[in-house]
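Undergrad: In the numbering used here, the protein residues as written are 2 to 102.
Cβ coordinates follow ideal geometry from the N, Cα and C atoms, glycine included.
#1: Check whether the Cβ atoms of residue 13 and residue 36 lie closer than 9 Å to each other.
#2: Going by the CB atoms, is the gap between residue 67 and residue 25 shorter than 9 Å?
#3: Leaving out five residues before and five after residue 98 in sequence, what residues of the same chain have Cβ atoms less than 7 Å from its Cβ?
#4: Can you give me the start and stop residues for the alpha helix (DSSP H) that residue 18 sits inside?
#5: Run through the DSSP bridge pairs and tell me what residue 46 is partnered with.
#6: Give the straight-line distance between the Cα atoms of residue 58 and residue 84, rounded to the nearest whole angstrom.
#7: Of all the options 44, 50, 74, which has the alpha carbon lying nearest to the alpha carbon of residue 19?
#8: Taking the alpha carbon of residue 22 as the reference point, which residue from 44, 52, 43 has its own alpha carbon closest?
#9: Note down, in chain order, each residue of its chain lying with its Cβ closer than 8 Å to the Cβ of residue 33, except the 5 sequence neighbours on either side.
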């Protein structure tokens, strides 16, 4: 699954959730960023996160203030793949459904 996470800054956060990467096992959701330049109009920088389903669940519990977790919990994100408005994501990750408390 690939998500475009909205942000109140000019940063564009992209999250890829896949079982095809090595697990970090700590829920940190480490990302890497670079200057967007002219590639994405209006974006100052692009931050990419690549994580496993298990590490995403760990991040929900251990790092709830992470931008990706906040966006997923509040529904303020675009689901790029699959392009189904989050149906597949929230079916696979029901613990992320609903507004943040």
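TA: According to the structure data:
#1: no
#2: no
#3: 91
#4: No alpha helix (DSSP H) contains residue 18, which is instead part of the beta strand (DSSP E) from 12-18.
#5: 12, 36
#6: 22 Å
#7: 50
#8: 52
#9: 48, 49
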